[in-house]
Amino acid sequence: MARKPKTQAELGEGVTRRALMISVGMGAMVAALGARMYRLGVAQSDKYRLLAEENRINIRLVPPARGQLFDRAGTLIAGNEQNYRVVITKEDASKAIGGVQMVLDRLCQIIPMASDDVAEALKALERNSPFVPIPVAERLSWQDFSEVAINGPALPGVTPEVGLSRHYPQVGDFAHVVGYVGPVSEKDLEGVEKPDPLLLIPRFQIGKIGVERWLESDLRGGAGTRQIEVNAVGRVMRELSREEGIAGADVTLTLDARVQNFVQARLGSESAACVIMDVQTGDLVATASAPSFDPNLFVRGIASADYKVLIEDDHRPLANKVVQGTYPPGSTFKMVTALAALADGVIDTETRVNCPGYYESGGRRFHCWRTGGHGSVDLERSLMESCDVFYYEIAQRVGIDKVAEMGRQLGLGIRHDLPMSAIAKGNMPDKAWKERVHKADWRIGDTINAAIGQGYVLTSPLQLAVMTARIATGKHIEPRLIKAVSGVETPIAPAPDLMVSGEKLAAVQRGMFAVMNGETGTARGSRVADETMIMCGKTGTAQVRNISAAERETGVVRNEDLPWIRRDHALFVGYAPAENPRYAVAVVVEHGGGGSAAAAPIARDALLSALTGGIPPLSAYPAEQRPAIEERFNALSLRFDNLGSQAPTKT
Amino acid sequence: MSFFENRTATAPTGLAKLLHFHWPLVLVISAIATLGWLMLYSIAGGDFSRWAEPQMNRYFIGLAAMFWVGLMPIWFWNLTAWPAYAIGILLLLFVEFFGSVGMGAQRWIDLGFMMLQPSELMKVALIMALASYYSRIDDRLISHPLWVVLPVVAIIAPTVLVLMQPNLGTAAMTLAVGGMMMFAAGVSLWYFGAVIGLAAGAVAGIFTMRGTPWQLLHDYQYRRIDTFLDPAADPLGAGYNIIQAQIALGSGGWSGKGFMQGTQSRLNFLPEKHTDFIFTTLGEEFGYLGAISLLVLYTLVLVFLVWAAVRNRDRFSQLLIIGVAVNFFMYIAVNLSMVMGMAPVVGVPLPLLSYGGSATLVVMIAFGLVHSAIVHRPR
Numbered sequence: 001m002a003r004k005p006k007t008q009a010e011l012g013e014g015v016t017r018r019a020l021m022i023s024v025g026m027g028a029m030v031a032a033l034g035a036r037m038y039r040l041g042v043a044q045s046d047k048y049r050l051l052a053e054e055n056r057i058n059i060r061l062v063p064p065a066r067g068q069l070f071d072r073a074g075t076l077i078a079g080n081e082q083n084y085r086v087v088i089t090k091e092d093a094s095k096a097i098g099g100v101q102m103v104l105d106r107l108c109q110i111i112p113m114a115s116d117d118v119a120e121a122l123k124a125l126e127r128n129s130p131f132v133p134i135p136v137a138e139r140l141s142w143q144d145f146s147e148v149a150i151n152g153p154a155l156p157g158v159t160p161e162v163g164l165s166r167h168y169p170q171v172g173d174f175a176h177v178v179g180y181v182g183p184v185s186e187k188d189l190e191g192v193e194k195p196d197p198l199l200l201i202p203r204f205q206i207g208k209i210g211v212e213r214w215l216e217s218d219l220r221g222g223a224g225t226r227q228i229e230v231n232a233v234g235r236v237m238r239e240l241s242r243e244e245g246i247a248g249a250d251v252t253l254t255l256d257a258r259v260q261n262f263v264q265a266r267l268g269s270e271s272a273a274c275v276i277m278d279v280q281t282g283d284l285v286a287t288a289s290a291p292s293f294d295p296n297l298f299v300r301g302i303a304s305a306d307y308k309v310l311i312e313d314d315h316r317p318l319a320n321k322v323v324q325g326t327y328p329p330g331s332t333f334k335m336v337t338a339l340a341a342l343a344d345g346v347i348d349t350e351t352r353v354n355c356p357g358y359y360e361s362g363g364r365r366f367h368c369w370r371t372g373g374h375g376s377v378d379l380e381r382s383l384m385e386s387c388d389v390f391y392y393e394i395a396q397r398v399g400i401d402k403v404a405e406m407g408r409q410l411g412l413g414i415r416h417d418l419p420m421s422a423i424a425k426g427n428m429p430d431k432a433w434k435e436r437v438h439k440a441d442w443r444i445g446d447t448i449n450a451a452i453g454q455g456y457v458l459t460s461p462l463q464l465a466v467m468t469a470r471i472a473t474g475k476h477i478e479p480r481l482i483k484a485v486s487g488v489e490t491p492i493a494p495a496p497d498l499m500v501s502g503e504k505l506a507a508v509q510r511g512m513f514a515v516m517n518g519e520t521g522t523a524r525g526s527r528v529a530d531e532t533m534i535m536c537g538k539t540g541t542a543q544v545r546n547i548s549a550a551e552r553e554t555g556v557v558r559n560e561d562l563p564w565i566r567r568d569h570a571l572f573v574g575y576a577p578a579e580n581p582r583y584a585v586a587v588v589v590e591h592g593g594g595g596s597a598a599a600a601p602i603a604r605d606a607l608l609s610a611l612t613g614g615i616p617p618l619s620a621y622p623a624e625q626r627p628a629i630e631e632r633f634n635a636l637s638l639r640f641d642n643l644g645s646q647a648p649t650k651t
Numbered sequence: 001m002s003f004f005e006n007r008t009a010t011a012p013t014g015l016a017k018l019l020h021f022h023w024p025l026v027l028v029i030s031a032i033a034t035l036g037w038l039m040l041y042s043i044a045g046g047d048f049s050r051w052a053e054p055q056m057n058r059y060f061i062g063l064a065a066m067f068w069v070g071l072m073p074i075w076f077w078n079l080t081a082w083p084a085y086a087i088g089i090l091l092l093l094f095v096e097f098f099g100s101v102g103m104g105a106q107r108w109i110d111l112g113f114m115m116l117q118p119s120e121l122m123k124v125a126l127i128m129a130l131a132s133y134y135s136r137i138d139d140r141l142i143s144h145p146l147w148v149v150l151p152v153v154a155i156i157a158p159t160v161l162v163l164m165q166p167n168l169g170t171a172a173m174t175l176a177v178g179g180m181m182m183f184a185a186g187v188s189l190w191y192f193g194a195v196i197g198l199a200a201g202a203v204a205g206i207f208t209m210r211g212t213p214w215q216l217l218h219d220y221q222y223r224r225i226d227t228f229l230d231p232a233a234d235p236l237g238a239g240y241n242i243i244q245a246q247i248a249l250g251s252g253g254w255s256g257k258g259f260m261q262g263t264q265s266r267l268n269f270l271p272e273k274h275t276d277f278i279f280t281t282l283g284e285e286f287g288y289l290g291a292i293s294l295l296v297l298y299t300l301v302l303v304f305l306v307w308a309a310v311r312n313r314d315r316f317s318q319l320l321i322i323g324v325a326v327n328f329f330m331y332i333a334v335n336l337s338m339v340m341g342m343a344p345v346v347g348v349p350l351p352l353l354s355y356g357g358s359a360t361l362v363v364m365i366a367f368g369l370v371h372s373a374i375v376h377r378p379r
């Protein structure tokens, strides 16, 4: 039923009715607000006045304990130590007559403070909110710390407190792999959308490089809070509530602190790297890079003079040469060339090549390291005596692309994913690579160079260890560094077989056996006498300079006569025991000279150390070498030989 | 009064219009603004030029705008209502793509001399548009579903745009003001009942299903709601401010600590102490009496507005005034309940008191519209 439209007056009454309903609602809300005002301002006024006048509630973040790092046996690698420090709150310090400056001046009279530290503290006070406590002095002695506490009344806004700071009890042994922590810098916060509130705590420590950095999210933990009551000058009266932070996760590494310590000490002051890998699991048992440095220096804030020494050292102590350094693999690459040729079928295990001391191709002569040549050689002897011509020939037959493919299959030219900083990819060149990077055709000479691991081929010690582990087992082993996080074991994926038949691998393994145990093996001097730990390996000597025809005429200059920086790199890869391989090793000694003399002995000591879990027993060495070895070991300064079972272990 | 009489009744012309301005209202508004300048002067620690002076200048610009808007005939504003709405939407779209980012949300257009917040302007445009709409359609169609859908869409569109900025407080206010306008216009109560029932059902559903396998939201979404409803769960963020704000308010007692005597250093951590949290200073320095006086002044404004709406017999004018009143009320209710810890923290200023250009100017323009309605009331 249609009805007539209402008049303005009737409509107006409708609006009035609704407007009154709205008004009632608004009135109720206004009454509620008024009541609340009364409650706050009158009824509970005393409570709030007390809070405002006498004390004040403050909320502070409680930094969590950073997760600790342990070796595979539970030895502490990175822990937290108590740190007595003094913090200052601008809001309260500025209430003093004379302000913050006066408070700092007084503090300087009580505890030793460098003027740099004072200036930095002032800057930090300026930058942060007035209620954020800023650390002004850290690692105080108990004496100084209590001095500050006693003088509290004269130092408004200054609070002595106990914090945690990172400590590396193994000093330089794990500096490269574990890295170190340092205070959050502005660079760390760049580009972070919503930073963890912890990062805003002045001088909060976060991982800067190495495992500390790459496992930061596991290690850091979550912030806790504490509600404290402070009086008008900021002195903490009592703690109202405290919610502990979530401690960071403890991480267990695959490394063995004893082996690592031994290997690191064994490398000494050489510029060198050594990796030991479990060939069954891929676990890295030791990754040493020498020379090393003390990561504790960085935690405390390294003095610029100390830093300069580290930076200017031509042995590059800060670099983790295990993954960062890339070197031509030299003759240690010969197994790759051999396996490529075997797998392709261009040679078999019986194929012989005549070595007259050089190889001629396209009018150029490529020399074997032995001037007179090796005569007729087969695969086994070519490895044992490291004949170059054999590999020039077979590399020509199989072609560079197949060699590169085999190299990649064995883990060269591939970035192995580990929580370490600046992992290098190395280089495994092929025709397409040269076309892409150098805009040039691949030449025969390039293949010949690559066949013996020179030229464009670049590998890191880690990659060489992976290669050796794969040759030793015939399986596609991947390296692993993190054994467990919070006690949860990192799973090891079952390794698939390599695409090389067992008998072909065995031929190469026989060659590597001969290198160390054959009558004319290049590394016979570094053989193992103990039947249960017989070692296989391959030496390598990588040139870092060209030998001209003229020099060859007059006789090649001996390495010892060259300046250090132009000497050859010494390399060695190997595994043991020969029968049932357990560990693979790769050693690079930068500018160390020949692989058999400089690298092989280190590799033997390292492997024996891994097999025996500490300092190798002299009985494993050939009898005639024992006195010299014993003397060498005695000269090493080891952390574990006298510490023994007293080493700090995980409870 | 018949419809005919209504139309032929004469409204004042020329400067005589000024006599018909609602001078008591102007007085109360000015009193509130003056209180604001005092507080800003005090918060700046006795520095007049820091906040008080610019705010004063803005108020006088706003006052001029109010008089200009008030002198324009009311039919003009009825005609320009929908164009204003369209411009408001365009400005919102503009900030969505080109606006400056402030406090993590896109809200502002930089006009050079001030930062304009289109979401504030939009609310006034929405009030005008809805008033205009209901003054034009046949009253028998008000509750017809088809004619209900249009204003609902007109409310939802800016709400969604404001929500995307994201500005939850203003979005909720836009929705509430629009809803109240429809309510005032006489849309059937069944609709409101249905919407409230559905919303309550949804909220109840979401929370009762929590923890069961059929829960409607993810766990982290529930936790987010928790922190929003209970800021104490986030003691380093919003909760900290709220605790300190309550201490400041409560410690004022009956008559406060006196002008300039508030222990301001205590509130140094409050980033919004001169804007959204300005009420805490008032409560601390002038106590309960000061706070309740402000509430009385605000209530007076609301009473004046509602009375002006009831007395008016022009439908557009009536709805316009009610819309402005509801908008003004929402600011107060949301801000005060937030500062006093009765509601979650959302960024809503206290009108005429908080330091800020957009809100002051927009509130004054809205009062200008009210004056245009009062002055040109059919007599």
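Chains as they are written, first to last, in this note's numbering: chain H, 1 to 651; chain C, 1 to 379.
Glycine residues also receive a C-beta, built at the ideal position from the N, C-alpha and C atoms.
Less than 8 angstroms between CB atoms is the rule here; does tyrosine 575(H) satisfy it with respect to chain C? On the first sequence, residue 575(H) is found 575 positions in, with the first residue counted as 1. Not an interface residue.
For the structure I just gave you, are there three or more beta carbon pairs, one from the stretch 384–397 of chain H and one from the stretch 338–345 of chain H, closer than 8 angstroms? yes
For proline 183(H), which of Ser165(H), Phe174(H) and His176(H) has the nearest alpha-carbon? Within the first sequence, numbered from 1, the residue matching residue 183(H) stands at position 183. Of Ser165(H), Phe174(H) and His176(H), the residue nearest in Cα terms is Ser165(H).
Interface residues of the stretch 457–477 of chain H facing chain C [CB-CB below 7 angstroms]: none
Relative to the alpha-carbon of valine 42(H), which residue among Tyr355(C), Tyr298(C) and Gly283(C) has its alpha-carbon at the smallest distance? To locate residue 42(H), count along the first sequence from 1; it is residue 42. Comparing Cα-Cα distances from valine 42(H) to each of Tyr355(C), Tyr298(C) and Gly283(C), the minimum goes to Gly283(C).
For threonine 254(H) and chain C, any beta-carbon pair shorter than 8 angstroms? One-based indexing of the first sequence puts residue 254(H) at position 254. Not an interface residue.
Beta-carbon separation of glutamine 165(C) and tyrosine 355(C) under 8 angstroms? Here residue 165(C) is taken as the residue at index 165 of the second sequence, counted from 1. Here residue 355(C) is taken as the residue at index 355 of the second sequence, counted from 1. Cβ atoms of glutamine 165(C) and tyrosine 355(C): not closer than 8 angstroms.
Go ahead and pull the three-state DSSP assignment for phenylalanine 70(H). Mapped onto the first sequence, residue 70(H) falls at position 70. Strand at phenylalanine 70(H).
Which residues of the stretch 127–142 of chain C have a Cβ closer than 8 angstroms to any Cβ of chain H? Give them in chain order. Asp138, Asp139 and Arg140
Name the chain C residues whose beta carbon is nearer than 7 angstroms to that of threonine 287(H)? Residue numbering aside, residue 287(H) sits at position 287 when the first sequence is read from its first letter. Chain C residues near threonine 287(H): none, gap ~39 angstroms exceeds 7 angstroms.
Drop a sphere of 10 angstroms on the beta-carbon of phenylalanine 293(H), count the other beta-carbons inside from all chains shown, and report buried for 16 or more, exposed for fewer. The residue given as residue 293(H) occupies position 293 in the first sequence. It is buried - the Cβ of phenylalanine 293(H) has at least 16 other Cβ atoms within 10 Å.
Please check if any C-beta of chain C sits within less than 8 angstroms of the C-beta of isoleucine 111(H). Walking along the first sequence from the start, residue 111(H) turns up at place 111. Output row for isoleucine 111(H): interface = no.
Quick one: what's lysine 402(H) bridged to in DSSP? The count along the first sequence starts at 1 and reaches residue 402(H) at position 402. Lysine 402(H) pairs with nothing; no bridge assigned.
Residue environment, methionine 21(H), which counts as buried when at least 16 other CB atoms sit within 10 Å: As a position in the first sequence, residue 21(H) is number 21, starting the count at 1. With fewer than 16 Cβ atoms within 10 Å of its Cβ, methionine 21(H) is classed as exposed.
Taking 8 angstroms as the CB-CB cut-off, is isoleucine 22(H) touching chain C? Taking the first residue of the first sequence as position 1, residue 22(H) is located at position 22. Cβ-Cβ to chain C under 8 angstroms: yes for isoleucine 22(H).
Tell me the DSSP bridge mates of proline 281(H)? Along the first sequence, one-based indexing puts residue 281(H) at 281. For the sequence presented, residue 281(H) should be read as threonine rather than proline. Bridge partners of threonine 281(H): none, in fact.
Can a CB atom of chain H be found closer than 8 angstroms to the CB of glycine 87(C)? The count along the second sequence starts at 1 and reaches residue 87(C) at position 87. The sequence given here places isoleucine at residue 87(C); glycine does not occur at that position. Output row for isoleucine 87(C): interface = no.
At the level of alpha carbons, what is the spacing between proline 479(H) and leucine 571(H)? In the first sequence, residue 479(H) corresponds to position 479, counting from 1. In the first sequence, residue 571(H) corresponds to position 571, counting from 1. Taking the straight line from one Cα to the other gives about 20 angstroms.
Residue ranges of each alpha helix (DSSP H) run of no fewer than 4 residues wholly in the stretch 280–350 of chain H, ordered along the chain? 295–300, 304–312, 321–324 and 334–344
Check isoleucine 209(H) in the structure and name its three-state DSSP category. Residue 209(H) sits at position 209 when you count from the first residue of the first sequence. In the structure shown, isoleucine 209(H) sits in coil (DSSP, three-state: anything other than H, G, I, E or B).
Report the rounded CA-to-CA distance for serine 185(H) versus serine 386(H), giving the unit in angstroms. Residue numbering aside, residue 185(H) sits at position 185 when the first sequence is read from its first letter. Residue numbering aside, residue 386(H) sits at position 386 when the first sequence is read from its first letter. Computed Cα separation, rounded: 51 angstroms.
Is there a Cβ of chain C sitting closer than 8 angstroms to that of serine 45(H), yes or no? Counting from one through the first sequence, the residue named residue 45(H) turns up at place 45. Output row for serine 45(H): interface = yes.
CB contact below 8 angstroms: isoleucine 292(C) versus chain H: If you number the second sequence from 1, residue 292(C) lands on position 292. It does: the Cβ of isoleucine 292(C) has a partner Cβ on chain H nearer than 8 angstroms.
Could you please tell me which residues of the stretch 272–303 of chain C, in chain order, have their CB closer than 7 angstroms to any CB of chain H? Gly283, Gly287, Tyr288, Ala291, Ile292, Leu295, Thr299 and Leu302
Contact with chain H by alanine 373(C), beta-carbon distance below 8 angstroms: Here residue 373(C) refers to the residue found at position 373 when the second sequence is read from its first residue. Not closer than 8 angstroms to any Cβ of chain H, the Cβ of alanine 373(C) fails to qualify, so no.
Which of the residues in the stretch 171–197 of chain C, read from start to end, lie with their CB under 7 angstroms from any CB of chain H? Met180, Phe183, Ala184 and Gly186
Can valine 588(H) and tyrosine 327(H) be called in contact, C-beta distance under 8 angstroms? As a first step, residue 588(H) is located in the first sequence; it is residue number 588 there, counting from the start. As a first step, residue 327(H) is located in the first sequence; it is residue number 327 there, counting from the start. Yes. Within cutoff.
Please state if the CB of alanine 19(H) and the CB of isoleucine 322(C) are separated by a distance shorter than 8 angstroms. Taking the first residue of the second sequence as 1, we reach residue 322(C) at position 322. Taking the first residue of the first sequence as 1, we reach residue 19(H) at position 19. Yes; because the gap between Cβ atoms is below 8 angstroms, this pair is in contact.
N- and C-terminal bounds of the beta strand (DSSP E) containing arginine 85(H): Taking the first residue of the first sequence as position 1, residue 85(H) is located at position 85. Segment 76–89, the beta strand (DSSP E) holding arginine 85(H).
Which of the three DSSP states, helix, strand or coil, is assigned to threonine 339(C)? As a first step, residue 339(C) is located in the second sequence; it is residue number 339 there, counting from the start. What sits at residue 339(C) in the sequence shown is valine, not threonine. If DSSP states are grouped into helix, strand and coil, valine 339(C) belongs with the helices.
Give me, in chain order, the residues of the same chain whose beta-carbon lies closer than 7 angstroms to that of proline 317(H); leave out the 5 immediate sequence neighbours on both sides. Residue mapping note: residue 317(H) aligns to position 317 of the first sequence, counting from 1. Around proline 317(H): Pro291, Ser292, Phe293 and Leu310.
At 8 angstroms on the CB atoms, spell out the chain H contacts of glutamine 215(C), in chain order. Mapped onto the second sequence, residue 215(C) falls at position 215. Simply none; closest approach about 25 angstroms.
Under the three-state DSSP convention, the category valine 171(H) falls into: On the first sequence, residue 171(H) is found 171 positions in, with the first residue counted as 1. Of the three classes helix, strand and coil, the one that applies to valine 171(H) here is coil, per DSSP.
Go ahead and pull the three-state DSSP assignment for threonine 281(C). Within the second sequence, the letter at position 281 stands for residue 281(C). It is helical.
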